[in-house]
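Peer 1: Please see the structure below; I have some questions.
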Amino acid sequence: MNSPEDQGRSSGKSPKAIIEAALFLSSEPVSLGELLDLTGLNRSQLERVLEDLSKDLEANHRGLELYKSQGSYRLKVKRDILDRVKHLAPHQDMSRGVLRTLSVIAYNSPVLQKEVVDIRGNGAYDHIDKLRERNFVKSEQEGRTKLLSVTQSFLDYFELDSLEDLRKKENAPEEFSS
Amino acid sequence: MEDYPQNVRELETEKNPVVATDLLSRPEWREVLDWYAYSGDPWEVSVRETARGFQETLDEMEGDNLELSGRMVLTCAVILRAKAEGLKQEDESEEMEEAGEELDEGFWGYEEFDSENYVPDLEVPLKRMQERTISRSELSQAFDSAINVHRRRKGRHEEEEEPEGRDWGMELEEESNFRVRLQRLYRKVKEKLSRGKEVLFSRLLNENTKEEKFEKFMELLHLQSEGRVKCRQEEPFSDIKVELAEEKDQAPNNSNE
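Chains A and B, in that order, give the protein sequences. Residue numbering for the first sequence follows my numbering, beginning at 787 and increasing consecutively. Residue numbering for the second sequence follows my numbering, beginning at 83 and increasing consecutively.
Now the structure itself:
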């Protein structure tokens, strides 16, 4: 049986190359379904190619890495290189307001929605919705408000094992001392 | 330069990729210009080559003919304008796209085309949307910014707040003080009425400040809502007349008065 790469080569297109190009071009994470359509592979073949691509990118001389979240894939600049090159792409994939709200939640997770709104203003409701959509924040009902906490996707995105590193911040505000 | 037309008539019969500098130095130079502007095909003329020829002539002349320079600038401007007019007639969206492409690519060499039907087969390179992930340091900076903004906002609110100590009658938690003041006002009204005086709102004031008016008005409203006084205003903005309410109108919780 041919490998997925061989199968691709026989039709003149390497599935790995197609996936790499698709992930490079797309500004949004590309779903597994889209990749299946693009490559014409079946699911197990596609997963093998993705794994292969991920291993290729792990090499030291590669600046990108494959990032999977919620069943979708994207290419990311490796964390240890990002600070060096980030000025070349000044636009972050999250607005400034949403990022600030996320930071307030992250540094104090779990935190009451009411407290976040007190800090960030009423716009925080909209930010929290967006963060929920990105699966960075989850909420539980807590009386008349909600208890917000960050998700595993958030930890994956910032390549954190836990929130402890973030909490080591010296200037944590007294607003959250409780 | 000897291949270039030597007079205006020759312009009509020959391809003229360059406006000969020599033609512009003659008295009939305006005819030449008119021909290029209205009769000839501006796309056949290379402004770049024309300018180069002009530069060579200038070098030979050691730049002592400013009049000729002016004519050449005008001629080149007219030809460029004619080219631009030609472009303008094309579909507007196409024009915009092409202009964008030309600007992006720094491509202005259309005079190099072999044929007027030549359509360049350009492929626009696909570019990635330049959005990137956020670093941890940026998350940390965002947190600092969020807290700074919050503190500034809080500071502003504190500055805007009224100085402490004044009880407007809105804070029902501070009811004990307010109750004392209500009592005092009620007694004052009752006393004045018992002496047969008419009690007007303006006569209940001591300092006559806006704050005092507001406080007293709140107190009167409370007394009225408790059914202890009646306030009447004959017409808008006129003084308010205060009377004691009838026994039956009084709220039952005032029996301790």
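Backbone N, C-alpha and C define an ideal beta-carbon position, used for all residues, glycine too.
From B/Lys295 to A/Val890, what distance separates their C-alpha atoms?
Peer 2: Your numbering for residue 295 of chain B matches position 213 in the second sequence. Your numbering for residue 890 of chain A matches position 104 in the first sequence. If you take the alpha carbons of B/Lys295 and A/Val890, they lie about 45 Å apart.
Peer 1: Give a yes or no on whether 8 Å exceeds the smallest Cβ distance from B/Asp186 to chain A.
Peer 2: Locating residue 186 of chain B in the second sequence gives position 104, counting from the first residue. At B/Asp186, the pLDDT of 44 sits below 50, so the modelled position is not reliable; the number obtained from the coordinates is stated separately. Output row for B/Asp186: interface = no.
Peer 1: Say whether chain A places a C-beta atom closer than 8 Å to the C-beta of B/His239.
Peer 2: Within the second sequence, residue 239 of chain B is the residue found at index 157, counting from 1. No, because no Cβ of chain A sits closer than 8 Å to the Cβ of B/His239.
Peer 1: On a Cα-Cα basis, can you pick out the residue from A/Lys799, A/Met880 and A/Leu933 that is closest to B/Glu221?
Peer 2: Residue numbering aside, residue 221 of chain B sits at position 139 when the second sequence is read from its first letter. Correcting the residue type first, residue 221 of chain B is Leu in the shown sequence and not Glu. That would be A/Met880, whose Cα lies nearest to the Cα of B/Leu221.
Peer 1: Here's a check: name, in chain order, each residue in its chain whose Cβ is nearer than 6 Å to the Cβ of B/Leu105, leaving out the five neighbours to either side.
Peer 2: Looking up residue 105 of chain B in the second sequence gives position 23. Excluding residues within five positions, the ones whose Cβ falls inside 6 Å are Val114.
Peer 1: With 9 Å as the limit, tell me which residues of the stretch 916-942 of chain A have their beta carbon closer than that to any beta carbon of chain B; keep them in chain order.
Peer 2: The stretch 916-942 of chain A vs chain B, Cβ under 9 Å: nothing.
Peer 1: What in chain B is Cβ-close to A/Tyr893, meaning under 7 Å?
Peer 2: Along the first sequence, one-based indexing puts residue 893 of chain A at 107. Going along chain B in sequence order, the residues near A/Tyr893 (Cβ under 7 Å) are Phe225.
Peer 1: Counting along the chain, where does the alpha helix (DSSP H) carrying B/Ser307 start and finish?
Peer 2: In the second sequence, the residue the question calls residue 307 of chain B occupies position 225. Where B/Ser307 is concerned, the enclosing alpha helix (DSSP H) stretches over Lys292 to Ser307.
Peer 1: Pick out whichever of B/Arg112, B/Gly135 and B/Pro109 has its Cα sitting closest to the Cα of B/Val101.
Peer 2: As a first step, residue 101 of chain B is located in the second sequence; it is residue number 19 there, counting from the start. Comparing Cα positions, the closest option is B/Gly135.
Peer 1: Using a Cβ-Cβ cutoff of less than 7 Å, which residues in the same chain neighbour B/Ile229 once the five nearest sequence positions on both sides are dropped?
Peer 2: Translated into the one-based positions of the second sequence, residue 229 of chain B becomes position 147. Excluding positions up to five away in sequence, the list is empty.
Peer 1: Check the Cβ-Cβ distances between A/Leu949 and every residue of chain B, and say whether any is below 8 Å.
Peer 2: On the first sequence, residue 949 of chain A is found 163 positions in, with the first residue counted as 1. By this cut-off, A/Leu949 is not an interface position.
Peer 1: Can you give me the C-alpha to C-alpha distance between B/Arg310 and B/Lys292, rounded to a whole angstrom?
Peer 2: Counting from 1 along the second sequence, the entry for residue 310 of chain B is found at position 228. Counting from 1 along the second sequence, the entry for residue 292 of chain B is found at position 210. Distance between the alpha carbons of B/Arg310 and B/Lys292: 25 Å.
Peer 1: Which of helix, strand or coil does DSSP assign to B/Arg235?
Peer 2: For this step, residue 235 of chain B is matched to residue 153 along the second sequence. B/Arg235: helix per DSSP, three-state reduction.
Peer 1: Need the endpoints of the beta strand (DSSP E) that A/Leu824 sits in, please.
Peer 2: Here residue 824 of chain A refers to the residue found at position 38 of the first sequence. It is not in any beta strand (DSSP E) - A/Leu824 instead sits in the alpha helix (DSSP H) that spans Leu818 to Thr825.
Peer 1: Would DSSP call B/Thr132 helix, strand or coil?
Peer 2: Against the second sequence, residue 132 of chain B aligns to sequence position 50. Helix, per DSSP.
Peer 1: So with Cβ pairs under 8 Å, would you call B/Arg214 a contact of chain A?
Peer 2: Within the second sequence, numbered from 1, the residue matching residue 214 of chain B stands at position 132. At least one chain A Cβ lies under 8 Å of B/Arg214.
Peer 1: In the DSSP assignment, what residue or residues form a beta bridge with A/Leu934?
Peer 2: Residue 934 of chain A sits at position 148 when you count from the first residue of the first sequence. DSSP lists A/Val897 and A/Ser925 as partners of A/Leu934.
Peer 1: Residue range of the beta strand (DSSP E) that A/Lys862 falls in?
Peer 2: For the purposes of this step, residue 862 of chain A is taken as the residue at position 76 of the first sequence. A/Lys862 -> beta strand (DSSP E) spans Ser858 to Val863.
Peer 1: Going by other Cβ atoms of all chains shown within 10 Å of its Cβ, with 16 needed for buried, is B/Glu297 buried or exposed?
Peer 2: In the second sequence, counting from the first residue as 1, residue 297 of chain B sits at position 215. Answer is buried; the Cβ neighbour count reaches 16.
Peer 1: Between the Cα of A/Ala892 and those of A/Thr937, A/Lys864, A/Arg870 and A/Asp866, spot the shortest distance and give me the residue it belongs to.
Peer 2: What you label residue 892 of chain A is simply residue 106 of the first sequence in a count that begins at 1. Per the Cα distances, A/Thr937.
Peer 1: Would you kindly check if the distance between the Cβ of B/Glu126 and the Cβ of B/Pro99 is under 8 Å?
Peer 2: Within the second sequence, the letter at position 17 stands for residue 99 of chain B. Within the second sequence, the letter at position 44 stands for residue 126 of chain B. Cβ atoms of B/Pro99 and B/Glu126: closer than 8 Å.
Peer 1: With a cut-off of 8 Å, does the C-beta of B/Arg218 fall near any C-beta of chain A?
Peer 2: Counting from 1 along the second sequence, the entry for residue 218 of chain B is found at position 136. Closer than 8 Å: yes.
Peer 1: DSSP on B/Thr215, reduced to helix/strand/coil?
Peer 2: Start at 1 with the first residue of the second sequence, and residue 215 of chain B comes out as number 133. Three-state DSSP puts B/Thr215 in coil, outside helix and strand.
Peer 1: Output yes if chain A places a C-beta closer than 8 Å to the C-beta of B/Leu221; else output no.
Peer 2: The residue you call residue 221 of chain B lines up with position 139 of the second sequence. Yes, B/Leu221 counts as interfacial toward chain A.
Peer 1: What distance in whole Å lies between the Cβ atoms of A/Gly857 and A/Ser817, which are believed to be in contact at a cut-off of 8 Å?
Peer 2: Within the first sequence, residue 817 of chain A is the residue found at index 31, counting from 1. Within the first sequence, residue 857 of chain A is the residue found at index 71, counting from 1. Right, the Cβ-Cβ distance comes to about 6 Å (below 8 Å), so this counts as a contact.
Peer 1: Using the Cα positions of A/Tyr859 and A/Gln927, report the straight-line distance between them to the nearest angstrom.
Peer 2: For this step, residue 859 of chain A is matched to residue 73 along the first sequence. For this step, residue 927 of chain A is matched to residue 141 along the first sequence. If I take the Cα positions, the gap works out to 31 Å.
Peer 1: Using CA coordinates, which residue listed in B/Glu280, B/Thr157, B/Ser217 and B/Ile161 is at the minimum distance from B/Cys313?
Peer 2: The residue given as residue 313 of chain B occupies position 231 in the second sequence. Closest option to B/Cys313, Cα to Cα, is B/Glu280.
Peer 1: Go to A/Leu852, then tell me how far its beta strand (DSSP E) extends in each direction, as first and last residue.
Peer 2: If you number the first sequence from 1, residue 852 of chain A lands on position 66. First-last of the beta strand (DSSP E) with A/Leu852: Leu850 to Ser855.
Peer 1: Can you tell which of A/Lys862, A/Ile867, A/Pro896 and A/Glu820 has its C-alpha closest to the C-alpha of A/Glu950?
Peer 2: As a first step, residue 950 of chain A must be located in the first sequence, where it is residue number 164. Looking at the Cα atoms, A/Pro896 is the closest of the given residues.
Peer 1: Of the choices B/Leu286, B/Leu264 and B/Trp117, whose alpha-carbon is the least far from that of B/Val324?
Peer 2: As a working note, residue 324 of chain B is residue 242 in the second sequence. Here the closest residue by C-alpha is B/Leu286.
Peer 1: With a threshold of 7 Å on Cβ separation, who are the neighbours of B/Glu180 within its own chain once the five nearest residues in sequence on each side are excluded?
Peer 2: The count along the second sequence starts at 1 and reaches residue 180 of chain B at position 98. In this predicted model, B/Glu180 has a pLDDT of only 45, less than 50, meaning its place in the structure is not dependable enough to derive any value.
Peer 1: At a Cβ cut of 9 Å, what residues of the stretch 862-880 of chain A count as close to chain B, listed as they run along the chain?
Peer 2: Hits within the stretch, in order: Lys862, Val863, Arg865, Leu868, Asp869, Val871, Lys872, Leu874, Ala875, Pro876, His877, Gln878, Asp879 and Met880.
Peer 1: B/Asp321 and B/Leu282: beta carbons closer than 8 Å?
Peer 2: Residue numbering aside, residue 321 of chain B sits at position 239 when the second sequence is read from its first letter. Residue numbering aside, residue 282 of chain B sits at position 200 when the second sequence is read from its first letter. Yes, the Cβ-Cβ distance between B/Asp321 and B/Leu282 is below 8 Å.
Peer 1: By the criterion of Cβ-Cβ separation under 8 Å, what are the contact partners of B/Ala228 in chain A?
Peer 2: In the second sequence, counting from the first residue as 1, residue 228 of chain B sits at position 146. Neighbours of B/Ala228 on chain A, chain order: Arg886, Thr887, Ser889, Val890, Ile905 and Arg906.
Peer 1: Return the Cβ separation of A/Phe875 and B/Glu213 in integer angstroms, given the expectation that the two are a contact with Cβ distance under 8 Å.
Peer 2: Sequence index remark: in the first sequence, residue 875 of chain A carries index 89 (1-based). Sequence index remark: in the second sequence, residue 213 of chain B carries index 131 (1-based). The displayed chain sequence assigns Ala, not Phe, to residue 875 of chain A. Yes, A/Ala875 and B/Glu213 are in contact; Cβ-Cβ is about 7 Å, under 8 Å.
Peer 1: Please say whether A/Leu933 and A/Leu898 have beta carbons closer to each other than 8 Å?
Peer 2: Position 112 of the first sequence, counted from the first residue, corresponds to residue 898 of chain A. Position 147 of the first sequence, counted from the first residue, corresponds to residue 933 of chain A. Going by C-beta atoms, A/Leu898 is nearer than 8 Å to A/Leu933.
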